[in-house]
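Data first, discussion second: the structure below is written as structure tokens.
Numbering (our numbering), first residue to last: 39 to 208.
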């Protein structure tokens with residue numbers, strides 16, 4: 039939804055400005071909205087997000103992980119990353135990787151430290167962005183092979199105070 043795209047942009051922009059993640063435009067987010075998993079409050083405000091960036095039929099990146107500062111420490115980052123992993127398995131993706139300055143977060147979710155050189159697709163994207171003037175902050179790389187016994191997420195309907203309803207993976 040366009041409203042979610044705007045809220046995602048508001049959430050990720052401060053992190054991008056600090057070099058903690060790559061910058062995104064509203065159009066980029068809106069065109070890939072089906073790749074985002076969000077956590078919202080009862081009023082439908084986006085409190086956390088993460089995205090699945092597919093590189094091949096079997097490989098994707100967990101990207102754009104952001105949590106509103108007032109919501110840190112409440113498990114929302116974990117929820118959206120696990121939601122992205124479920125989305126990856128639904129698309130038959132076997133391996134995901136993430137780049138982060140926060141080691142313990144991804145390690146606590148079963149990711150293993152690795153080197154970005156395993157992912158030439160990501161290095162090529164960084165090269166393109168660098169040539170376009172985007173500053174790339176070096177981050178550590180983590181990867182996870184997704185469990186083959188994955189099953190579809192259960193969708194839960196949550197009534198909002200407005201007339202719209204959201205499906206949240208749970």
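Quick reminder that beta carbons are idealized off the backbone N, C-alpha and C, glycines included.
Can you give me the Cβ contacts of residue i inside the same chain, cut-off strictly under 6 Å, excluding the 5 residues immediately before and after it?
i: residue 190; result: At residue 190, the pLDDT of 48 sits below 50, so the modelled position is not reliable; the number obtained from the coordinates is stated separately. Closer than 6 Å at the Cβ level, and outside the excluded window around residue 190, lies no residue.
i: residue 145; result: none
i: residue 199; result: With a pLDDT of 37 at residue 199, under the threshold of 50, the modelled position of that residue is not reliable, and the figure given next carries that caveat. For residue 199, where only same-chain residues beyond five positions count, the Cβ hits under 6 Å are 81.
Going by DSSP in three states, residue i sits in which element: helix, strand or coil?
i: residue 54; result: helix
i: residue 74; result: strand
i: residue 69; result: helix
i: residue 146; result: helix
i: residue 96; result: coil
i: residue 163; result: helix
If you follow the alpha helix (DSSP H) that residue i is in, where does it begin and where does it stop?
i: residue 157; result: Careful: residue 157 lies outside any alpha helix (DSSP H) and carries neither H nor E.
i: residue 173; result: Note, residue 173: premise wrong, no alpha helix (DSSP H); not H, not E.
i: residue 136; result: Unbroken run through residue 136 is the beta strand (DSSP E), 133-138; no alpha helix (DSSP H).
Can you give me the C-alpha to C-alpha distance between residue i and residue j, rounded to a whole angstrom?
i: residue 181; j: residue 95; result: 16 Å
i: residue 139; j: residue 159; result: 20 Å
i: residue 195; j: residue 121; result: Because the pLDDT of residue 195 is 45, which lies under 50, any placement of that residue in the model is unreliable, and the question is left without a value.
i: residue 119; j: residue 73; result: 12 Å
i: residue 84; j: residue 170; result: 30 Å
i: residue 99; j: residue 70; result: 14 Å
i: residue 153; j: residue 76; result: 28 Å
Going along the chain, which residues of its own chain have a beta-carbon closer than 8 Å to the beta-carbon of residue i, five neighbours each way excluded?
i: residue 183; result: 132, 133
i: residue 156; result: 135, 179, 181
Check this for me: beta carbons of residue i and residue j, under 8 Å apart or not?
i: residue 161; j: residue 126; result: no
i: residue 103; j: residue 81; result: no
Using a threshold of 7 Å, is the CB atom of residue i nearer than that to any non-hydrogen atom of the ligand NAP?
i: residue 76; result: With respect to the ligand NAP, the structure offers nothing, as it holds no ligand at all.
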